[in-house]
Amino acid sequence: MKLRDYGITASPGRRFAGFVEIICELADSQLEPLLLALPLEAEIFTPDPEDADCRREVRRTVKGLEFKRGCHGAYGTWRMGSLEQCVGWLSAGTSVIGKLTKPGYGAGLVIPEVEYEG
Numbered sequence: 016m017k018l019r020d021y022g023i024t025a026s027p028g029r030r031f032a033g034f035v036e037i038i039c040e041l042a043d044s045q046l047e048p049l050l051l052a053l054p055l056e057a058e059i060f061t062p063d064p065e066d067a068d069c070r071r072e073v074r075r076t077v078k079g080l081e082f083k084r085g086c087h088g089a090y091g092t093w094r095m096g097s098l099e100q101c102v103g104w105l106s107a108g109t110s111v112i113g114k115l116t117k118p119g120y121g122a123g124l125v126i127p128e129v130e131y132e133g
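Below is the structure:
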């Protein structure tokens with residue numbers, strides 16, 4: 016997955032258990048194309064507008080897209096969702112990125128290392 020193809024410029028961040036976590040800023044217009052191209056077991060997350068200790072997460076599994084709310088110390092339950100539901104779920108978080116974080120931060124992706132191309 017070449018992130019620059021989606022307008023994302025970020026250095027690879029933390030590496031763990033075969034994954035790379037990239038912290039970046041996302042706009043609503045980037046969500047649908049990213050979700051369509053999201054590799055298996057990869058995740059996208061944005062801040063939760065209702066609680067700064069939480070985030071909204073979407074991942075791709077063999078069954079399709081799943082979403083959940085994860086909070087510090089509480090991981091939440093994954094639920095199946097359509098593309099439209101998942102875009103809407105993450106979009107609520109992109110609307111507050113500028114208010115909660117500095118430019119270039121606030122959202123992120125967790126991508127299998129073998130799929131990451133920068």
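Numbering (my numbering), first residue to last: 16 to 133.
Built from N, CA and C at the ideal position, the CB exists for glycine as well.
Since the structure is predicted, the reported quantities are computational estimates derived from the model, not experimental observations.
- DSSP places Asp-66 in the uninterrupted beta strand (DSSP E) bounded by 66–76.
- The Cβ neighbour count for Gly-123, taken over all protein chains shown within 10 Å, is at least 16; the residue is labelled buried.
- Look at Ala-52 here: in three-state DSSP terms it is helix.
- Secondary structure at Thr-61: strand, using DSSP grouped into helix, strand and coil.
- When secondary structure is reduced to three states using DSSP, Val-35 falls in the strand class.
- Residue pairing by DSSP places Lys-83 opposite Glu-72 in a beta bridge.
- With at least 16 other beta carbons inside 10 angstroms of its own, Val-102 counts as buried.
- By the neighbour-count definition (other C-beta atoms within 10 Å, threshold 16), Pro-62 is a buried residue.
- When rounded, the separation of the alpha-carbon atoms in Cys-86 and Asp-68 is 6 Å.
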